[in-house]
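This report concerns only the one structure given below.
Shown next as structure tokens:
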């Protein structure tokens, strides 16, 4: 059996991502995660310089590199959504970090990481992520609503803290 070419691996990765999308839409979250994970296995490292050792005469075109990056980013982002649905905020944060490493201004990843931090009661981190997401996508109602929720949590925590220390200072 011959090894797959970069293009074949890219096409297989994209097909797995599409399977994941269909499973997610059908509410089959474990199947979606499996497909997205398989896609990342096909795609990870394809745009790496180490691959040049195997195909030195054929460097990857910038369009192929961009397609690999965009597909990986979509898989990581979709996996983070799956983990949110499964109430696994730590895993969601792990996957959004991968998205943000590829695209630091990805509003959707910041939004999901903010939601995960709300679930973990990390109000300050949630607020910071959601504020940046709202700046990047000001028209997104979901982001604005989550930002308002995080802001309320921060204010509530501050009020409780003030109540505890009221009268204790000289």
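Residue numbers (the UniProt record's numbering): 1 to 170.
Every residue gets a Cβ at the ideal spot worked out from N, C-alpha and C, and that includes glycine.
Since the structure is predicted, the reported quantities are computational estimates derived from the model, not experimental observations.
- When the beta-carbon positions are compared, residue 107 and residue 73 stay at least 9 angstroms from each other.
- If you check the CB distance, residue 60 and residue 6 come in under 9 angstroms.
- Scanning its chain for C-beta atoms nearer than 6 angstroms, with the 5 sequence neighbours on each side dropped, one finds around residue 16 the residues 35, 38 and 39, in chain order.
- Under the criterion of beta carbons closer than 8 angstroms, residue 109 and residue 77 qualify as touching, at roughly 6 angstroms.
- Fully enclosed alpha helix (DSSP H) runs of no fewer than 4 residues occupy 6-25 of the segment 4-37, in order along the chain.
- Looking at the backbone, the Cα of residue 22 and that of residue 28 are separated by about 9 angstroms.
- For residue 90, the closest alpha carbon among the candidates 65, 62, 70 and 119 is that of 119.
- By alpha-carbon distance to residue 66, the top candidate from 47, 75, 82 and 130 is 47.
- Taking 9 angstroms as the cut-off, the beta carbon of residue 111 is found no closer than this to the beta carbon of residue 124.
- For residue 71, the enclosing alpha helix (DSSP H) begins and ends at 62-85.
- Rounded to the nearest whole angstrom, the CA to CA distance from residue 152 to residue 135 is 18 angstroms.
- Excluding residues up to 5 positions away in sequence, nothing lies with its Cβ nearer than 8 angstroms to the Cβ of residue 26 in the same chain.
- Around the beta carbon of residue 113, 16 or more other beta carbons sit within 10 angstroms, so the residue counts as buried.
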